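The listed protein sequences derive, respectively, from chains A and B. Counting in the numbering used here, the first sequence runs from 358 upward without gaps. Counting in the numbering used here, the second sequence runs from 57 upward without gaps. Beta carbons: idealized from backbone N, C-alpha and C, even for Gly. Note that the structure is a prediction, hence the values are computed from the model and not measured. A short write-up of the structure that comes next.
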Amino acid sequence: MLNVTLTNHETETTVTLEGRMDTVAAPEFEQALAPVWDMEHPQILLDCQKLEYISSSGLRVFLKLKKFVDAKGGQVALSTLQPTVKEVFEMTGFAKMFQMK
Amino acid sequence: MKKKWGLSRIRNSFSARLRVYVVGFTALLFIVAFYVFFRFSYGFIRDEAVHRAEALLDNTILRIDGVLDAVETAAGNSAWEVETYRDEPDSLYAVLSRFVERNPIISGSAVAFRKGYYGQGEAYFSPYVYTNAAGKTERRQLGNETYNYQEKEWFAEPMRTGKPHWSEPYFDTGGGEMIMTTYSLPLYDGQQQVYAIFTADISLTWLTELVNSIRPYPRAYNLMVGREGTYIVHHRPERILHETIFSATRDMKDSTVGSIGRHMVAGLRGMEMLQNDDTLSYVFYAPIKTGWSVATVCPQEEVFASLDKIQFRVVAIVCIGLVVLAVACGRIIRHVTTPLSRFAGVARQIAGGHFDVPLPQSKYKDEMGQLHDAFEYMQGALVEYVHELQETTAQKERIESELRIASEIQMGMIPKLFPPFPERKDIDLYATLKPAKEVGGDLYDFFIHDEKLLFVIGDVSGKGIPASLLMAVTRSLFRTIATHRETAKEIVSALNRAVADNNEANMFITLFVGILDLQTGELGYCNAGHNPPVLNRGGEDAHFLSCHSNIPIGVFEDFEYTEEHFPLGFGRMLLLYTDGLTEAENREKALYSEARLLETMQALKGLGAQETIDALGKSVQAFANGAEQSDDLTMLALQLKPINPNT
């Protein structure tokens, strides 16, 4: 189960992720990001403090988001990651792609 | 099948139940209607009976009074003759004879003189004329030593009061030998003294007949009592003059008869209920002028006999009606519900797969018609649905068979013959790939080129057909690219450029590419975001091969991948795997984890490639404990065996 919450703070949008992002949850996450795909200058903070697990399908959505934000000239950052998730990010090199806060 | 009756039939048969309801409700309605009807009828008939009985009673009393009046008038009219001839006894006989003859109702008449009116010699003088049994008039002198009329009521009472008087009935022993009553008219002299009583006897036979002519009902009977309650008229002759209404009814349980008697003696009129020998009767009574009282006793069952008769007939008619209604209801309901039974049969046939079974026709657009339409619609919908289902199933089967073929093709793309290089005794290599779905996104490959073993293990993001397509592309690219490149880094960079180009779906692949020098045991490798392999050898703890964290391929076209080197040497096991191993889940969603992997590997030291992978597979299976495999699981174990220079 994955809970996705979007909150807007002036120019920045915080995306809070709670639970497990497996193959089933990844498309849901992609749909939950719908408002982001319409943004002109996306400033995104992914709050992953309560993200327990991420599969490669989940990483794909992260990658898509990263590419979209880069193309729009915006920024995307990750908040504190749990150790297991952090391992995945580091192993796959995704840690390098995202700015860590 | 034998028809079942009784409760089970009522429970199981709609028509039987409906019939019971209809007939039951109708019967209830009838009962209520009859109750009301009979209550009204009862009151009405009772009032009618009272009117009728009272009218009869009044009429009779009027007739009795008429007779008595006639006697009084006759006596009054003849009184002057008696006056005129009072001192001539012989003439008095003639006067009395004429009087008796002129008035047939009068059976006898006397002029009873006061004691001593005719001197001492004739102390009691009373000429008397009467009609004998043969109808002839006879004359007698009543007054003598043995018959002292001065004490008789008919003489004493009017003498005392000085007023005309009707005597209580009595049985005349000296004259008429029948029940008589006497009208006494006092005669006055100049000094306003009563000197004689002029009497007129009448037989009560006519009175009995008159009273008994009151017959409102066949079994009604009448009675008449005197001023003291003595029976004058009664249907039991032995009681007449011998018993009073009080003495004869002393033993009766119902005490109302006593009060009726008192009312009658008191000269009242009224109506009362009387319980007499299990018979409830209405008693109507009224007085006549002499102070006597006439009563007629009507048994209640006779009063209401007509009502009883009507009641019986109505109940009989209703019972017959209810039976007819029950039968008719049954017929009608069965007629109406027959289509329902037929629909039930049709539904069962449809359920059995006979969609084209003909429906029971309905002539009307009523509920049955609607049911028919609904069935028709259901039939059509079912046929359509089943047709669709067949198509979908066929399509699904086609897709499944295609997937099976795709799976076979995919599996055909990766080397599966082990040992892969039977002629090379120095290479111990074994690998397995177990997709989570029919087709997966994992891949591995290896081949020997220029005394070097080139190998790759990879994991496409996602699963299923999209992942498998990219896997097939990557594996083909690897085969073509790898032979023309010197280093692992070059191979990965080339693959990255090829995959990243036009990667609209943002798919990516984690890869580990290695080139192992079979002579030296030197390993050159490039890790593109893949799980770090495990190194395992006796004399050291199982540990991960250190890797730069390069990003997966397909993300950025011009990413600079880095090359690393490690002297693998001989006798050291290198285990490559995908995250399907470390992220295998059990039922509690716990992960197999890197720690557990190292721990397991530590225990598997000294085993060959195949044994190692088989043991790992079992370990994962035991950990999952029946949980569904969620990701593709691929493992590749590789070690160079030390070559004995002597062989």
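The beta carbon of Ala598/B does not come within 9 Å of any beta carbon belonging to chain A, so the residue lies off that interface. Taken through DSSP and simplified to helix, strand or coil, Gln466/B comes out as helix. At a cut-off of 9 Å between C-beta atoms, Leu647/B counts as an interface residue with respect to chain A. The C-beta separation of Arg398/B from Pro414/B comes to about 10 Å, leaving the pair out of contact by the 8 Å criterion. Less than 9 Å separates the beta-carbon of Ile483/B from that of Pro476/B. Classified as exposed, Asp103/B has fewer than 16 neighbouring CB atoms from the shown chains inside 10 Å of its CB. Counting the other CB atoms within 10 Å of its CB gives Thr362/A a total below 16, which places it among the exposed residues. The three-state secondary structure of Glu367/A, taken from DSSP, is coil.
Around the beta carbon of Cys603/B, a 10 Å sphere encloses 16 or more other beta carbons of the protein chains shown; the residue is thus reported as buried. With a 10 Å radius around the Cβ and a threshold of 16 neighbouring Cβ atoms, Phe368/B comes out exposed. Minimum Cα-Cα distance from Ile521/B among the listed residues Val185/B, Phe96/B, Asp498/B and Val138/B corresponds to Asp498/B. Here Met457/A is bridged, per DSSP, to Leu435/A. Pairing Glu137/B with Leu152/B, the inter-Cα distance amounts to about 9 Å.
Annotated three-state conformation of Glu560/B is coil, per DSSP.
Boundaries for Phe360/B: no beta strand (DSSP E) harbours it, and the DSSP string shows neither H nor E there. Here Cys603/B carries a coil assignment [DSSP, helix/strand/coil]. In the structure shown, Ile504/B adopts extended strand secondary structure according to DSSP, grouped into three states. Leaving aside the five residues that flank Val611/B on each side, the residues in its chain whose CB is nearer than 7 Å to its CB run, in chain order, Ala556 and Phe564.
The alpha-carbon separation between Ala430/B and Glu456/B amounts to approximately 37 Å. Shown here, Ala492/B sits in coil according to DSSP, grouped into three states, outside any helix or strand. In the structure shown, Ile296/B falls within a coil segment according to DSSP collapsed to helix, strand and coil. Taking all protein chains shown into account, Tyr433/B has fewer than 16 neighbouring C-beta atoms within 10 Å of its C-beta and is therefore exposed. The Cβ atoms of Ala683/B and Arg643/B sit closer than 9 Å to each other.
Bounds of the beta strand (DSSP E) holding Pro343/B are Thr335 to Pro343.
Nearest to Arg154/B by alpha-carbon distance, out of Asp143/B, Glu144/B and Ala130/B, is Ala130/B. Counting every other CB atom within 10 Å of its CB across the protein chains shown gives Asp688/B a total of 16 or more, marking it as buried. By the C-beta density criterion, His221/B is buried, having at least 16 other C-beta atoms within 10 angstroms.
In the DSSP assignment, Lys407/A forms a beta bridge with Glu375/A.
For Asn552/B, the closest of Asn606/B, Phe600/B and Asn592/B by C-alpha to C-alpha distance is Asn606/B.
Residue-level contact by beta carbon fails for Met691/B and chain A, as no gap is shorter than 9 Å. Boundaries of the beta strand (DSSP E) harbouring Gln331/B: Gly326 to Asn332, taken from the DSSP string.
Counting the other Cβ atoms within 10 Å of the Cβ of Met236/B gives 16 or more, which makes it buried.
Counting of Cβ neighbours within 10 angstroms places Ala109/B among the buried residues, the total reaching 16 or more. Taking C-beta atoms as the reference points, Val127/B and Tyr239/B count as a pair closer than 9 Å. Taking CB atoms only, Asp379/A has a neighbour in chain B less than 9 Å away. Phe227/B is bridged by DSSP to Ile235/B.
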